[in-house]
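The opening residue of the sequence shown carries number 500 in the working numbering; numbering runs sequentially from there. Here's the structure, in structure tokens; my notes come after.
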Amino acid sequence: MSILEVLDAADLGRAVRRLRKERGWTQVDLAEWLDVNPVTVGRMEHGRPVAITVAMRALTLLGAKAVVIPKWASVDVAGEEPPRG
């Protein structure tokens, strides 16, 4: 699994497109799973505004998740869940 840094809508769109293509899905396939028009998927992949709920569902369907990290935080990504406690 690779980490994709997303700083704006264009980055998010590129990430969705990459993940979709890795699965061999078309924009129509993803749109059907999201229950949206394929134009909406195209808009998202081109960094245009879409509902945050659509973007988050797309990431989930594509096997990804969004993680919010403050800019000042130091993060070590080891691919494991952090200990809870």
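Glycine included, each C-beta is placed from N, C-alpha and C at the ideal position. On a predicted model such as this, the values are computed, not experimentally measured, just so you know.
Here the segment 501-521 makes contact with the segment 543-558; the two share three or more CB pairs at distances below 8 Å.
A residue is called buried once 16 or more other Cβ atoms fall within 10 Å of its Cβ, and Gly562, having fewer, is exposed. Arg513 and Asn536 have their alpha carbons spaced roughly 19 Å apart. Close CB contacts of Leu533 within its chain, under the 8 Å cut and outside five residues either way in sequence, are with Thr539, Val540, Val553, Arg556, Ala557, Leu560 (chain order). The residue from Ala572, Ala565, His545, Asp507 with its alpha-carbon nearest to that of Ser501 is Ala565.
A direct Cα-to-Cα measurement between Asp507 and Glu544 gives close to 12 Å.
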